[in-house]
Amino acid sequence: MAFPRRNKFLECFYCGRKSSTRYNGQRSFECRSCDATNYLDENGEITDPPAAATGASTPAKVTYAVSRTVSPPRPSGSIFCETCLNNQRLFTASIAQYLPDDPDALDYAERERQYYDFRKRLEKIYPQICAECEPKVRQRIEQSAYTAKTDVLRRMIDQSKTNKIITKRSGLDVFHLAGRWLWIAGFALEISSHVLGLSYSGLAYCASQESALWGCSLLRTFTLPLLRTLPEPERLLIWSFYAGLFSCWWNPRFVQTVRGFTKHLVGVLNWYIYQMMIVGLRLLSMRFLGNSATHTMAATTELGAHLLLVTFALIILHFAGTCIRVDTTPLFGAKSKFRPLRAEAPQQIGGSVQQPRKPDGVKNMSDLLDEILESPSLSSRPLRPLQPTSHPKPQTTWGSSSFQPTSFARKPNLDHLDDLSLSPPRHHH
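So for the sequence shown, the UniProt record's numbering puts the first residue at 1; every next one is plus one.
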């Protein structure tokens, strides 16, 4: 007889580790390593969990089958009317019965060649959509297309955010910063050159006046010390020309332009046109205002030239800074262009050469449709939607010696076209 050992350390059955719990007669303990519950017998050994813990004695919940309708009713929100649904059913059934079941049939290849013609004629006989349902169908198509496009765009944006990689600055970014500061420095030098030119022209104008004006006194007081410390306007103008010439390759979206991401950018070509205008304007300024010792321009004329050139420089700076922009036009609209949903009505077949008719025993579906389209009853008026019609009963004449039905106009019954036999024709030898 085995006696239980008291005060022994219990070992977990699931993880195999020895726990810090000692056995003192308990019937279960929790393992602190794997959080599993171990059950013990009266000797302190591992045993099976009791039925109350596993829940085996709990009876299963009784469920019953729910009766469902075999074919659920058509939802009231359908966009098709009954006539359109009937035409679609007849169209599908006729297409399914057009080709013989046996690919080795004699007329299988001929029917396969005439399949698309047969389909076009069938679409004219059974219009898949009427004029009343077309607006609703078109609206549903546009709504579904817009939903699909927005869903794809959202997935692309989410994927791009997930796969976004933050990279360090490359050599391309260094060139971008260098071109940007060189372009800004060119404009700063050009405007400074014209401002200094205005100061020199103002001093020359004051020197030509016999009576000293108070404005000339202020100009000499504040500008003469500043002009002695700054370079000459001609030198600043030359520096601005070379700065614009060496930075004409740059644009505010230079990194994206080099990497090929320019589809969403608008105005890149206009930017480089402005760059050519900037370089040309600075070259023109150097030509006429570059050397103050050689040109014999009057002080007032030179003053007006500097004002005009600095105005042009500021205007070009404004338009060049805003010419490149991101195109925020939506990639797609809520409405799209679709081809006509309804097939054209059958036209009158007047003066057409009729093909020789085959006997009734060898007529197929294509020949029957040709007869229906060529019948006078269809050429005199357009097709009407299918409606259940009753079969006309033949009338009898009692005055004749033989009992014969009177002749009546041959009118094709389109409602029973799907009941026609479409089996391969039998050839009688």
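The beta-carbon is built from N, C-alpha and C at its ideal position, and this holds for glycine as well.
Quiz item: CA-CA distance, R154 and A145?
Solution: Taking the sequence shown and counting its residues from 1, one reaches residue 154 at position 154. Taking the sequence shown and counting its residues from 1, one reaches residue 145 at position 145. Spanning the two alpha carbons is a distance of roughly 14 Å.
Quiz item: What three-state label does DSSP hand E142 in the structure shown?
Solution: Numbered from its first residue, the sequence shown carries residue 142 at position 142. Of the three classes helix, strand and coil, the one that applies to E142 here is helix, per DSSP.
Quiz item: Do R138 and W250 have their C-beta atoms closer together than 8 Å?
Solution: Counting from 1 along the sequence shown, the entry for residue 138 is found at position 138. Counting from 1 along the sequence shown, the entry for residue 250 is found at position 250. No, Cβ-Cβ distance for R138 and W250 is not below 8 Å.
Exercise. Would you check if the distance between the CB atom of L99 and the CB atom of E112 is smaller than 8 Å?
Key: Position 99 of the sequence shown, counted from the start, is the residue given in the question as residue 99. Position 112 of the sequence shown, counted from the start, is the residue given in the question as residue 112. Using a Cβ distance threshold of 8 Å, L99 and E112 count as a contacting pair.
Quiz item: What's the gap between the Cα of Q404 and the Cα of R140?
Solution: Position 404 of the sequence shown, counted from the first residue, corresponds to residue 404. Position 140 of the sequence shown, counted from the first residue, corresponds to residue 140. Confidence at Q404 is low in this model, with a pLDDT of 42, below 50, so the placement of that residue should be treated as unreliable; the coordinate-derived value is given next. Rounded to whole angstroms, Q404 to R140 spans 55 Å at the Cα level.
Practice problem: Would you mind reading off the limits of the alpha helix (DSSP H) that contains L283? | Solution: What you label residue 283 is simply residue 283 of the sequence shown in a count that begins at 1. Unbroken alpha helix (DSSP H) run through L283: V268 to L289.
Practice problem: Provide the residue(s) that pair with V326 in DSSP beta bridges, ordered along the chain. | Solution: Counting from one through the sequence shown, the residue named residue 326 turns up at place 326. Paired residue(s): L265.
Quiz item: Taking buried to mean at least 16 other C-beta atoms within 10 Å of its own C-beta, is C31 buried or exposed?
Solution: For the purposes of this step, residue 31 is identified with residue 31 of the sequence shown, where counting begins at 1. The residue in question, C31, is buried, as its Cβ has 16 or more Cβ neighbours within 10 Å.
Quiz item: Within 8 Å (strictly less), CB to CB, does R121 reach chain B?
Solution: Among the protein chains of the structure shown there is no chain B, as only one such chain exists.
Quiz item: What does a CB cutoff of less than 6 Å around R357 pick up in its chain, not counting 5 residues either side in sequence?
Solution: Translated into positions along the sequence shown, residue 357 becomes position 357. Confidence in R357 is poor, its pLDDT being 48 and thus under 50, which makes the residue's placement too unreliable to answer from.
Self-check item: Three CB pairs or more closer than 8 Å across the region 299-318 and the region 189-205
Solution: yes
Quiz item: Would you say the region 314-328 touches the region 271-284, given that touching needs at least three Cβ pairs under 8 Å?
Solution: yes
Quiz prompt | Contact the region 172-179 vs the region 230-238: 3+ CB pairs below 8 Å | solution = no
Practice problem: Pull up the distance between the alpha-carbon of E82 and that of I129, whole angstroms please. | Solution: As a position in the sequence shown, residue 82 is number 82, starting the count at 1. As a position in the sequence shown, residue 129 is number 129, starting the count at 1. Roughly 10 Å between the two C-alpha positions.
Practice problem: Mind checking who S28 pairs with in its DSSP beta bridge? | Solution: As a first step, residue 28 is located in the sequence shown; it is residue number 28 there, counting from the start. Y39, per the DSSP bridge assignment.
Exercise. Enumerate in chain order the residues of its own chain whose CB-to-CB distance from C12 is below 7 Å, with the five nearest sequence positions on each side excluded.
Key: Along the sequence shown, one-based indexing puts residue 12 at 12. Cβ within range, chain order: S19, C31, S33, C34, A36 and N38.
Quiz item: From which residue to which residue does the alpha helix (DSSP H) around residue 444 run?
Solution: It is not possible to answer for residue 444, since the shown part of the chain is limited to 1 through 429.
Quiz item: Can you name the start and end residues of the alpha helix (DSSP H) that T47 belongs to?
Solution: Here residue 47 corresponds to residue number 47 of the sequence shown, with the count starting at 1. Per DSSP, T47 lies in no alpha helix (DSSP H) and is assigned neither H nor E.
Self-check item: Residue from N43, G171, Y242 and F118 with nearest C-alpha to N24
Solution: Walking along the sequence shown from the start, residue 24 turns up at place 24. The candidate whose alpha carbon is nearest that of N24 is N43.
Practice problem: State the DSSP-derived secondary structure class of K18, mapped to helix, strand or coil. | Solution: Indexing the sequence shown from 1 puts residue 18 at position 18. If DSSP states are grouped into helix, strand and coil, K18 belongs with the strands.
Quiz prompt | Contact belief for R282 with G244 at Cβ below 8 Å, rounded distance in angstroms | solution = Taking the sequence shown and counting its residues from 1, one reaches residue 282 at position 282. Taking the sequence shown and counting its residues from 1, one reaches residue 244 at position 244. Rounded, the Cβ-Cβ distance is 6 Å, consistent with contact.
Practice problem: Express the C-alpha separation of V266 and I324 in angstroms, rounding to a whole number. | Solution: Within the sequence shown, numbered from 1, the residue matching residue 324 stands at position 324. Within the sequence shown, numbered from 1, the residue matching residue 266 stands at position 266. Their backbone Cα atoms lie some 6 Å apart in a straight line.
Exercise. Ignore the nearest five residues each way along the sequence and tell me which others in residue 434's own chain have a CB closer than 6 Å to its CB.
Key: This structure cannot settle anything about residue 434, because the visible part of the chain is limited to 1 through 429.
Quiz item: When the distance is taken between beta carbons, is L122 closer than 8 Å to F91?
Solution: On the sequence shown, position 91 is the one that residue 91 refers to. On the sequence shown, position 122 is the one that residue 122 refers to. Going by C-beta atoms, F91 is nearer than 8 Å to L122.
Practice problem: Return the Cβ separation of A305 and L289 in integer angstroms, given the expectation that the two are a contact with Cβ distance under 8 Å. | Solution: Reading the sequence shown from its first residue, position 305 is the one you call residue 305. Reading the sequence shown from its first residue, position 289 is the one you call residue 289. At roughly 6 Å, the Cβ-Cβ gap stays under 8 Å, so A305 and L289 are in contact.
Self-check item: Where G351 falls: helix, strand or coil (DSSP)
Solution: On the sequence shown, residue 351 is found 351 positions in, with the first residue counted as 1. Here G351 scores only 42 on pLDDT, less than 50, and its place in the model should not be relied on; the value that follows carries that caveat. Coil at G351, not helix or strand.
Exercise. Could you tell me the boundaries of the alpha helix (DSSP H) in which K124 lies?
Key: By one-based count along the sequence shown, residue 124 stands at place 124. Looking at the DSSP string, the run of the alpha helix (DSSP H) that includes K124 is Y115 to I125.
Self-check item: Nearest to T329 (by Cα), restricted to the options H264, L226 and C15
Solution: Position 329 of the sequence shown, counted from the first residue, corresponds to residue 329. T329 has its Cα closest to that of H264, out of H264, L226 and C15.
Exercise. Could you give the DSSP three-state label for F80: helix, strand or coil?
Key: The count along the sequence shown starts at 1 and reaches residue 80 at position 80. In the three-state reduction of the DSSP assignment, F80 falls in the coil class, being assigned neither a helical nor a strand state.
Quiz item: Which term fits I125, buried or exposed, when burial requires 16 or more other beta carbons within 10 angstroms of its beta carbon?
Solution: Here residue 125 is taken as the residue at index 125 of the sequence shown, counted from 1. I125 comes out buried.
Quiz item: Since Y242 is in the alpha helix (DSSP H), which residue starts that stretch and which ends it?
Solution: Taking the first residue of the sequence shown as position 1, residue 242 is located at position 242. Here the alpha helix (DSSP H) through Y242 covers P233 to F246.
Quiz prompt | For Q97, the first and last residue of its enclosing alpha helix (DSSP H) | solution = As a working mapping, residue 97 is identified with position 97 in the sequence shown. Taken as a continuous stretch (DSSP letters only), Q97 belongs to no alpha helix (DSSP H), as it is neither H nor E.
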